[in-house]
Amino acid sequence: DIQMNQSPSSLSASLGDTITITCHASQNINVWLSWYQQKPGNIPKLLIYKASNLHTGVPSRFSGSGSGTGFALTISSLQPEDIATYYCQQGQSYPSTFGGGTKLEIK
Amino acid sequence: QIQLVQSGPELKKPGETVRISCKASGYTFTNYGMNWVKQAPGKGLKWMGWINTYTGEPTYADDFKGRFALSLETSASTAFLQINNLKNEDMTTFFCARRNHYGGAYYALDYWGQGTSVTVSS
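Going down the list, the sequences are from chains G and A. Under this note's numbering, the first residue of the first sequence carries the number 1, and numbering increases by one thereafter. Under this note's numbering, the first residue of the second sequence carries the number 1001, and numbering increases by one thereafter.
The structure is reproduced here in structure tokens:
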């Protein structure tokens, strides 16, 4: 199975900050990576697909980058509604696997 | 608008069977596969498997082979997850999620159900 390692596991930042979450795949997954946001008590929602493409309705302050084994999710100008746990997922090889999640809190 | 509506919370005893439904609306059901994802309380996401809504063929992750069964009622645009012989470790939330292909075999889960919690207690 492809292991997806996210870091950090938790992150505290101030409103207006720019933050970056990284995801490392144990094998080359090209650009076949997705990012999800799960707000407290809510369902996961797709943010980014194919490493860098924003899903419908996702604010442009979210961006994704990377290919191969290293990926990043960047949130610029952090807003209160960005408090959530973020997950990466590889969706090409069986079985699909998620990263362990990064919990984002506001200072 | 696209919606996936799951059945309500379940309270079951160990060894019993539970069947969770996921009703899709707002799109052609057979054009998109349906995935199932498990989330234990306070934990991360774990992919369980998916079902091809066109052919009805299910695929399971290794940890979910045996007691778990995915099925469809295509005429009702509904997917089902059945768990037999419930165990304490099944006490968790299960999500259905639509599988959308964005290139080749790659897919992302673009719409999710609201989740169904299963409590297993004697």
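The beta-carbon is built from N, C-alpha and C at its ideal position, and this holds for glycine as well. Predicted model only: the values in this text are computed from it and were never measured.
List the endpoints of the continuous beta strand (DSSP E) containing residue i.
{"i": "LYS1023 of chain A", "result": "1018-1025"}
{"i": "LYS45 of chain G", "result": "44-49"}
{"i": "TYR87 of chain G", "result": "84-90"}
{"i": "ARG1099 of chain A", "result": "1092-1103"}
{"i": "ILE1083 of chain A", "result": "1078-1083"}
{"i": "PHE71 of chain G", "result": "70-75"}
{"i": "GLU105 of chain G", "result": "102-106"}
{"i": "ASN1035 of chain A", "result": "1033-1039"}
{"i": "PRO80 of chain G", "result": "It is not in any beta strand (DSSP E) - PRO80 of chain G carries neither H nor E in the DSSP assignment."}
{"i": "TYR1054 of chain A", "result": "No beta strand (DSSP E) contains TYR1054 of chain A, which DSSP labels as neither H nor E."}
{"i": "SER1007 of chain A", "result": "Premise fails: SER1007 of chain A is in no beta strand (DSSP E) and is neither H nor E."}
{"i": "THR1030 of chain A", "result": "Run containing THR1030 of chain A: none; DSSP gives neither H nor E here."}
{"i": "ASN5 of chain G", "result": "4-7"}
{"i": "GLU1073 of chain A", "result": "1068-1073"}
{"i": "PRO1014 of chain A", "result": "Segment: none, PRO1014 of chain A is in no beta strand (DSSP E) and carries neither H nor E."}
{"i": "ALA1061 of chain A", "result": "No beta strand (DSSP E) contains ALA1061 of chain A, which DSSP labels as neither H nor E."}
Could you check if residue i is buried or exposed, using at least 16 other CB atoms within 10 Å of its CB as the buried criterion?
{"i": "ALA1076 of chain A", "result": "exposed"}
{"i": "ALA1040 of chain A", "result": "exposed"}
{"i": "GLN3 of chain G", "result": "exposed"}
{"i": "MET106 of chain G", "result": "Residue identity differs from the one stated: residue 106 of chain G is Ile in this sequence, not Met. Exposed: under 16 other Cβ atoms inside 10 Å."}
{"i": "ALA1097 of chain A", "result": "buried"}
{"i": "ASN5 of chain G", "result": "exposed"}
{"i": "HIS1101 of chain A", "result": "exposed"}
{"i": "THR1074 of chain A", "result": "exposed"}
{"i": "GLN1001 of chain A", "result": "exposed"}
{"i": "ARG1099 of chain A", "result": "buried"}
{"i": "PHE27 of chain G", "result": "The question names Phe, but residue 27 of chain G is Gln in the sequence shown. Looking at its Cβ environment, which holds fewer than 16 other Cβ atoms inside 10 Å, GLN27 of chain G is exposed."}
{"i": "LEU46 of chain G", "result": "buried"}
Tell me, to the nearest whole angstrom, how far the beta carbon of residue i is from that of residue j; I am working on the premise that it is less than 8 Å.
{"i": "LYS1023 of chain A", "j": "THR1078 of chain A", "result": "5 Å"}
{"i": "ILE48 of chain G", "j": "GLY64 of chain G", "result": "4 Å"}
{"i": "GLY16 of chain G", "j": "SER93 of chain G", "result": "Not confirmed; about 38 Å, so no contact."}
{"i": "PRO1014 of chain A", "j": "VAL1120 of chain A", "result": "6 Å"}
{"i": "PHE1029 of chain A", "j": "THR1053 of chain A", "result": "6 Å"}
{"i": "GLN1006 of chain A", "j": "GLY1113 of chain A", "result": "4 Å"}
{"i": "PHE1095 of chain A", "j": "ILE1083 of chain A", "result": "Wrong, their Cβ atoms sit about 14 Å apart, outside the cutoff."}
{"i": "GLY101 of chain G", "j": "THR85 of chain G", "result": "5 Å"}
{"i": "ALA1061 of chain A", "j": "GLY1042 of chain A", "result": "Contact flag wrong, Cβ pair sits at about 21 Å."}
{"i": "ILE21 of chain G", "j": "ALA13 of chain G", "result": "About 11 Å; that fails the 8 Å criterion."}
{"i": "SER1025 of chain A", "j": "GLN1003 of chain A", "result": "5 Å"}
{"i": "PRO44 of chain G", "j": "LEU1045 of chain A", "result": "6 Å"}
{"i": "THR1116 of chain A", "j": "GLY1008 of chain A", "result": "7 Å"}
{"i": "GLN90 of chain G", "j": "LEU33 of chain G", "result": "6 Å"}
Using a C-beta to C-beta distance shorter than 8 Å, which residues of chain C count as neighbours of residue i?
{"i": "LYS1046 of chain A", "result": "Among the protein chains in the structure shown, which are G and A, there is no chain C."}
Worksheet item: What residues in the segment 1050-1068 of chain A bring their beta carbon closer than 8 Å to a beta carbon of chain G?
Response: THR1059, ALA1061 and ASP1062
Worksheet entry | Interface positions of the segment 1086-1109 of chain A facing chain G (Cβ-Cβ less than 7 Å), listed along the chain | Listed by position along the chain: PHE1095, TYR1102, GLY1103, ALA1105, TYR1106, TYR1107, ALA1108 and LEU1109.
Discussion item. Taking beta-carbon pairs under 7 Å, can you tell me which members of the segment 27-38 of chain G lie near chain A?
Written reply: TRP32 and SER34
Fill in: Every unbroken beta strand (DSSP E) inside the segment 11-68 of chain G [3 residues or more]
19-25, 33-38, 44-49 and 62-67
Practice prompt. Using a Cβ-Cβ cut-off of less than 9 Å, give me the residues of the segment 55-77 of chain G that come near chain A, in sequence order.
Written response: HIS55 and THR56
Worksheet entry | Under 9 Å (Cβ pairs) to chain A, residues found in the segment 92-106 of chain G | GLN92, SER93, TYR94, PRO95, SER96, THR97, PHE98, GLY99, GLY100 and GLY101
Item to complete: Note down, in chain order, all residues in the segment 41-54 of chain G with a beta-carbon under 8 Å from any beta-carbon belonging to chain A.
Response: ILE43, PRO44, LYS45, LEU46, TYR49, LYS50 and ASN53
Worksheet item: Between the segment 1109-1120 of chain A and chain G, which residues of the former have CB atoms less than 9 Å from a CB of the latter, in chain order?
Response: LEU1109, ASP1110, TYR1111, TRP1112, GLY1113, GLN1114 and GLY1115
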